[in-house]
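Visitor: I am attaching a structure below and will ask some questions about it afterwards.
Next comes the structure, spelled out in structure tokens:
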């Protein structure tokens with residue numbers, strides 16, 4: 833399957849999923865990159881510290897990013913607007929999670945990327961344009977970026 837790296841996050845969205853102990857949490861993401869770093873194929877995602885998924889990303893060395901057809905847009909919208917801290921939000925969707933080696937995938941996903949974290953950093957407000965600070969960071973801390981080496985792609 834070929835994905836368009838310039839539209840796959842912003843226009844199509846994706847689910848970012850990470851594990852902690854015997855649980856997992858997922859959130860819809862609209863920001864990310866696919867590329868190369870240190871001669872490795874990588875994926876980079878962004879999570880604000882106030883998001884429940886943040887503690888899962890901090891707890892595990894692996895994460896998955898899953899992409900879906902337009903038919904699942906309503907499910908992704910729900911998962912992006914509700915917290916797994918408050919409810920079993922996945923149960924309110926048509927999506928079915930299943931374990932893979934070092935991660936979680938979804939039966940309905942057209943593509944899932946398993947990545948191992950190789951870098952993380954917090955975005956620095958000093959380096960962000962003022963208009964972006966006003967738009968995204970008035971009341972919340974900046975995102976933490978996570979770059980993961982792509983270990984496997986499930987289609």
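Residue numbers (this note's numbering): 833 to 987. C-beta atoms are modelled at their ideal positions from N, C-alpha and C, and glycine is treated no differently.
(1) Secondary structure at residue 856, three-state DSSP: helix, strand or coil?
(2) Classify residue 950 as helix, strand or coil using the three-state DSSP reduction.
(3) Using the C-alpha atoms, what's the distance from residue 958 back to residue 898?
(4) Where residue 934 and residue 873 are concerned, what is the direct C-alpha to C-alpha distance, given to the nearest angstrom?
(5) Based on Cα-Cα distance, which residue from 932, 943 and 908 lies nearest to residue 921?
(6) Using C-beta distances below 8 Å, list every residue in its chain close to residue 967, excluding the 5 sequence neighbours before and after it, in chain order.
(7) What does a CB cutoff of less than 7 Å around residue 954 pick up in its chain, not counting 5 residues either side in sequence?
(8) So for residue 925, helix, strand or coil by DSSP?
(9) Whose C-beta lies closer than 7 Å to the C-beta of residue 912 among residues of the same chain, with five residues either side of it excluded?
(10) Using only the alpha-carbon positions, how far apart do residue 871 and residue 863 sit?
(11) Between the C-alpha atoms of residue 963 and residue 877, what's the straight-line distance to the nearest angstrom?
(12) How about residue 896 and residue 950: do their beta carbons lie closer than 8 Å?
(13) Going by the beta-carbon positions, is the gap between residue 850 and residue 885 smaller than 8 Å?
(14) Give the single residue among 924, 882, 932 and 979 whose Cα lies nearest to the Cα of residue 969.
(15) CA-CA distance, residue 854 and residue 918?
(16) Classify residue 872 as helix, strand or coil using the three-state DSSP reduction.
Guide: Once the coordinates are examined:
(1) strand
(2) strand
(3) 32 Å
(4) 18 Å
(5) 908
(6) none
(7) 974 and 976
(8) coil
(9) 859 and 860
(10) 22 Å
(11) 21 Å
(12) no
(13) yes
(14) 882
(15) 17 Å
(16) strand
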